[in-house]
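Numbering (the numbering used here), first residue to last: 61 to 443. For reference, the structure discussed in these notes is given below.
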Ligand SMILES: C[S@@+](CC[C@H](N)C(=O)[O-])C[C@H]1O[C@@H](n2cnc3c(N)ncnc32)[C@H](O)[C@@H]1O
């Protein structure tokens, strides 16, 4: 019996549940809380628990401090070095008193730091953010999600897809994604392109694309991922499939990049159209988690039909159940995708089951540097 199977034995589960019930009774007792904070050996634990609980309580305020700094240009003005407070938030941005409140809040979050009287510089987190324009674009678009979350219970009670975020991603809740207007794909396509950099590097380092002759990127957006593939593997042929409005943007970007002779773009709706054949590698980068199970099953079946036996399928996205990133997978993406109107974060095991039912071998996971952001599963079409 494996260690994992032993942990799932019924008597172990019962024991663990009984222990958790007892722990909860203690934690609900204010006298226990006081005693744990007073007793020296348990004090660090009690403090850590209080801090982590407060992180959850205050998270919304912190994300709004971040958004305010971004919108008011604080990070950009600090890009080249420390700046006097008066120049950081000059007349016309904020009055001095709220400006000081915002900067102190941002300093507490290590987004900025004070350098002597009245001068400000980037904090370590602000510097890391400036080095990652994709994250800045994600922060800005969160305003749409947070508008939906002003009344979170109302959002969860409303019919799925009746949100501002569902309008931002119009294909998600659409009965006919193929008829989504081109104009409404521009904002999300820009966001995906801006945030693609780190994902593409992770995927290309995790899997050797030079073993392939032609790659079909399904839901490939404006082709930012495929252009990264082309830079890494100059001889590989590129094919992209996306909704008509997005496919037109991809065609224009491939032309600008001088890649028109190597890249084929197909416009279509993968919820009903077949995928083009001829590729020996099909990739889904940040695509499957956007869709409910029946559409993902259909999509995997379409990928199987597009590949010859032995052909490779690669899935790259953040997954549920990622050790150390549970808050990202289940809390953040779970709520995000619910608000978006379709899809859910899946575990590697769930995707493995879906792949095998669709006619693929059990996938192999290729390690990535930041699994919180991207995990990569690779599978082959069965003969
Ligand atoms: C979350 S974006 C990911 C884009 C890109 N793969 C990336 O990682 O930057 C999902 C992509 O799937 C495309 N898509 C969604 N539903 C589709 C459908 N029914 N048919 C074709 N493409 C679709 C969207 O237009 C979008 O470009």
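Cβ atoms here follow ideal geometry from the backbone N, Cα and C, with glycine treated the same way. Bear in mind the structure is a predicted one, so any value in this text is a computation, not a measurement.
Is it the case that the Cβ atoms of residue i and residue j are separated by a distance below 8 Å?
i	j	result
residue 419	residue 442	yes
residue 372	residue 436	no
residue 204	residue 182	no
residue 331	residue 364	no
residue 388	residue 432	yes
residue 343	residue 298	no
residue 401	residue 221	yes
residue 249	residue 306	yes
residue 408	residue 425	yes
residue 274	residue 338	yes
residue 390	residue 405	yes
residue 106	residue 97	yes
residue 230	residue 244	yes
residue 143	residue 180	yes
With DSSP run on the structure shown, which of helix, strand or coil describes residue i?
i	result
residue 314	helix
residue 195	helix
residue 372	strand
residue 241	coil
residue 344	strand
residue 402	coil
residue 306	helix
residue 255	coil
residue 278	strand
residue 264	helix
residue 270	helix
residue 393	helix
residue 292	helix
residue 441	strand
residue 213	helix
residue 285	helix
residue 204	helix
residue 145	helix
residue 335	coil
residue 299	strand
residue 386	helix
Which one of the options has the shortest CA to CA distance from residue i?
i	options	result
residue 361	379, 394, 396 and 416	416
residue 271	258, 277 and 296	296
residue 185	202, 139 and 216	139
residue 121	401, 146, 262 and 161	161
residue 293	279, 315 and 260	260
residue 125	176, 202, 234 and 263	202
residue 369	384, 351 and 340	340
residue 173	196, 148 and 192	148
residue 223	207, 66, 320 and 384	207
residue 421	216, 235, 382 and 440	440
residue 187	218, 200, 129 and 216	129
residue 263	286, 104, 246 and 282	286
residue 308	90, 322, 333 and 282	282
residue 304	212, 288, 329 and 316	329
For the alpha helix (DSSP H) holding residue i, just list the boundary residues, first then last.
i	result
residue 13	Outside the displayed range of the chain (61 to 443) lies residue 13, so it cannot be described from this structure.
residue 360	353-366
residue 136	134-138
residue 77	70-87
residue 162	156-168
residue 227	224-228
residue 94	90-98
By the DSSP assignment, the beta strand (DSSP E) with residue i in it spans what residues?
i	result
residue 326	323-327
residue 180	179-182
residue 174	172-174
residue 410	From DSSP, residue 410 is part of no beta strand (DSSP E) but of the alpha helix (DSSP H) over 408-417.
residue 430	Segment: none, residue 430 is in no beta strand (DSSP E) and carries neither H nor E.
Can a CB atom of chain C be found closer than 8 Å to the CB of residue i?
i	result
residue 141	Among the chains of the structure shown, chain C does not appear; only one protein chain is present.
Taking only heavy atoms of ligand 1 into account, decide whether any of them is closer than 7 Å to the Cβ of residue i.
i	result
residue 70	no
residue 346	yes
residue 228	no
residue 342	no
residue 331	yes
residue 269	no
residue 354	no
residue 249	yes
residue 372	no
residue 237	yes
residue 198	no
residue 396	no
residue 256	yes
residue 437	no
residue 221	no
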